[in-house]
Amino acid sequence: MGEEVVLRGQIGPFWEQSTPPVIAPLLKLCVGGCLAMSLMLFFERLYMGIVILFLKLFARNPHNTYKWEPIQDDLELTHFVYPMVLVQIPMYNEREVYQLSIGAACGLSWPSDRIIIQVLDDSTDPSIKDQVELECKRWASKGINIKYEIRDSRNGYKAGALKEGMKHNYVKLCDYVAIFDADFQPEPDFLWRTIPFLTNNPEIALVQARWKFVNSDACLMTRMQEMSLDYHFTVEQEVGSATYGFFGFNGTAGVWRIAALKEAGGWKDRTTVEDMDLAVRASLKGWKFVYVGDLKVKNELPSTFKAYRYQQHRWSCGPANLFKKMVVEIMRNKKVSLWKKLYLIYSFFFVRKIVAHIVTFVFYCVVLPATVLVPEVSVPKWGAVYIPSMITLLNAVGTPRSFHLIFFWILFENVMSLHRTKATFIGLLEAGRVNEWVVTEKLGDALKTKLGSKAPWKPRFRFGERLHLLELCVGAYLFFCGCYDLNFGKNRYFIYLFLQSFAFFIAGVGYIGTLVPNS
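Counting along the sequence shown from 1, when you hit position 124 you're at 124 in UniProt numbering, and nothing is skipped either side.
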């Protein structure tokens, strides 16, 4: 106790005078708020876990929930029995992956006179545009009905490109539109497995497939991403599809009924999550969605920390901004039930898109460490240990092969929660970077090629790119709290605090993800 008094005396009289009347009550209020959000998140995870268990026990899946019959040949109608399908591939300077996506789309098994491949190229690099156009001409020479479309500006980014693509006269012939981002490679039977849901069930607007990550073993960061996204697909999407016929469209690897897309108002560029925007509007019109978890489409995870940070900013800022823009519209809607509206507002948006980000950073990286410095405030063991442990275990069910990495996943997710929380507040407040759209960098096979070459290489090092001050500052704060707890605290949080601070330091110096060699 004597050493603690000396230290406090060194910090200054301000701390001694302000802690009991000001700081302690504020911190208690923050602890209470964080515990409430933790419980909200826990019960949401528990509810979804129970639903998934029910679906598995009773073998519930889309094929026995909805009518699904393969399209049969008709001698009189010939190929006209097959609906006309448009396949859109939006891309922007995709030098490393454009051949993969175009080749996979052109390889889809479907009557050649009943499918149109539409490449929407927003590239600003003339050499890449020439290469993409040449690739389209190469496939056209093989008899593939492929259209290469460009526009004068990138207004609206991806949403603008998709909207412009729907304006062409030949699109009027199409019944459905399949969308694939530039790094996605659908299997040849993709349309055979998705279109029957739409042809046999007129109430269904969207069929969504699962993502399969081709580079999940590229580095530890991609393994962490795989764990988070596998939970999203195996639990969140599955539960939404099975219970309410609604989930957020993932923006790719899905097939839309064009009539539903038009009824919902088409593509809008008011947020950076145009896919989720369209899904919510279509759902409010009464349309249903189907998630087919056993249909997987290969794609690439961002393997550089810079690319991942930009992606997570967009994925966190956009939903928060969309929630702000649509919450009143959802409440006033007359076409859907009260329960579905509550599900949209509370579960889908508020808990998963806002609370989950905020509580992870504010509680575990700010408030909990602060209680070390203010002994008058304590966090109950159930809130500091039991609830977070249960939430973590419920999240880990999506990727059993990575269960042994769960400890690293916790530290990594806490680091990323800094950017997600920041982006969430930007979206809610519509601050400066609210509409920032940075296309996620794809490396394709380029990294393997460069690393496989014998020529020596040096990783790129730019001061602004590799040093991240926010991470370093949070790391320093956690390290200080850890030192204080080690010397004067009673909670024994210092082990967690030191490990989490090291995680922030590692991210702060950019030593995470794949280091891209110079060309």
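Here a beta-carbon is modelled for each residue, glycine too, at the ideal position from N, C-alpha and C. No experiment lies behind these values; they were computed from the predicted model shown.
Neighbourhood of residue 472 by C-beta distance below 6 Å, restricted to the same chain and skipping five residues each side | 508
Helix, strand or coil for residue 502 per DSSP?
-> helix
Would you kindly work out how many angstroms separate the C-alpha atoms of residue 346 and residue 420, rounded to a whole number?
-> 19 Å
Given a cut-off of 7 Å, decide if residue 311 and residue 124 are closer than it, judged by their beta-carbon atoms.
-> In this structure, residue 311 does not lie closer than 7 Å to residue 124 by Cβ.
Close beta carbons around residue 292, own chain, < 8 Å, minus the five adjacent residues each side = 62, 193, 194, 197, 207, 208, 209 and 210
Pairing CB atoms from the stretch 256–266 with CB atoms from the stretch 144–153, are three or more of them under 8 Å?
-> no
Skipping 5 residues on each side, what residues in its chain have a beta carbon closer than 7 Å to that of residue 494?
-> 482, 485 and 486
At which residue ranges does the stretch 214–248 contain complete alpha helix (DSSP H) runs of 4 or more residues, listed in the order of the chain?
-> 220–231 and 238–243
Residue range of the alpha helix (DSSP H) that includes residue 330 = Per DSSP, the unbroken alpha helix (DSSP H) holding residue 330 starts and ends at 305–332.
Could you tell me if residue 22 is buried or exposed, where buried requires 16 or more neighbouring beta carbons within 10 angstroms of its beta carbon?
-> exposed
Exposure of residue 121, with buried meaning 16 or more beta-carbon neighbours within 10 Å = buried
Who are the near neighbours of residue 433 in its chain, counting only those whose CB is closer than 6 Å to its CB and skipping five residues on each side?
-> 426
Under 7 Å, do residue 191 and residue 84 count as touching if we go by C-beta distance?
-> When the beta-carbon positions are compared, residue 191 and residue 84 stay at least 7 Å from each other.
Under a Cβ-count criterion, where at least 16 other Cβ atoms within 10 Å of its own Cβ denotes burial, should residue 155 be classed as buried or exposed?
-> Exposed: under 16 other Cβ atoms inside 10 Å.
Got a sec, what are the start and stop residues for the beta strand (DSSP E) residue 149 sits in?
-> 146–149
Identify whether residue 536 lies in helix, strand or coil by the three-state DSSP scheme.
-> Only positions 1 to 519 of the chain appear in this structure, which leaves residue 536 out of reach.
Residue 106 vs residue 359 beta-carbon contact at 7 Å | no
Assigned secondary structure, residue 211 (DSSP; H/G/I helix, E/B strand, else coil) | In the three-state DSSP reduction, residue 211 falls in the strand class (E or B).
Per-residue DSSP class, three states only, for residue 459 | At residue 459, the pLDDT of 47 sits below 50, so the modelled position is not reliable; the number obtained from the coordinates is stated separately. Here residue 459 sits in strand by DSSP.
Contacting residues, own chain, Cβ-Cβ under 6 Å from residue 40 (five flanking each side not counted) | 351 and 355
N- and C-terminal bounds of the beta strand (DSSP E) containing residue 115 = Following the DSSP letters along the chain, one finds residue 115 inside the beta strand (DSSP E) bounded by residues 115–121.
Starting from residue 192, follow the alpha helix (DSSP H) in both directions and report where the run begins and ends.
-> 190–200
Would residue 470 be called buried (16 or more neighbouring beta carbons within 10 Å of its own) or exposed?
-> exposed
Residue 45 to residue 169 span [Cα, whole Å] | Cα-Cα distance, rounded: 46 Å.
Residue span of the beta strand (DSSP E) that contains residue 177, given as start and end = 176–179
N-terminal and C-terminal residue of the beta strand (DSSP E) that residue 289 is part of = 288–299
Residues near residue 239 in its chain [Cβ-Cβ closer than 6 Å; skip 5 each side] = 48 and 51
Could you check the C-alpha separation between residue 185 and residue 98 for me, to the nearest Å?
-> 10 Å
Considering only residues of the same chain and omitting the five flanking positions on each side of residue 502, which have a CB-CB separation below 6 Å?
-> none
Grab me the residues of residue 321's own chain with a C-beta within less than 6 Å of its C-beta, minus the 5 sequence neighbours each way, in chain order.
-> 271, 427 and 434
Run of the beta strand (DSSP E) containing residue 45, from where it starts to where it stops | Careful: residue 45 lies outside any beta strand (DSSP E), inside the alpha helix (DSSP H) at 24–57.
First and last residue of the beta strand (DSSP E) that includes residue 257?
-> 254–257
Between the stretch 173–183 and the stretch 282–302, do at least 3 Cβ pairs fall closer than 8 Å?
-> yes
Would you list the one or two residues that DSSP bridges to residue 204?
-> Note: residue 204 sits in a beta bridge opposite 288.
Mark residue 513 as exposed unless 16 or more other C-beta atoms lie within 10 angstroms of its C-beta, in which case mark it buried.
-> buried
Kindly indicate if chain C contains any beta-carbon less than 7 Å away from that of residue 56.
-> Checking the listed chains, one finds no chain C in this structure; it contains a single protein chain.
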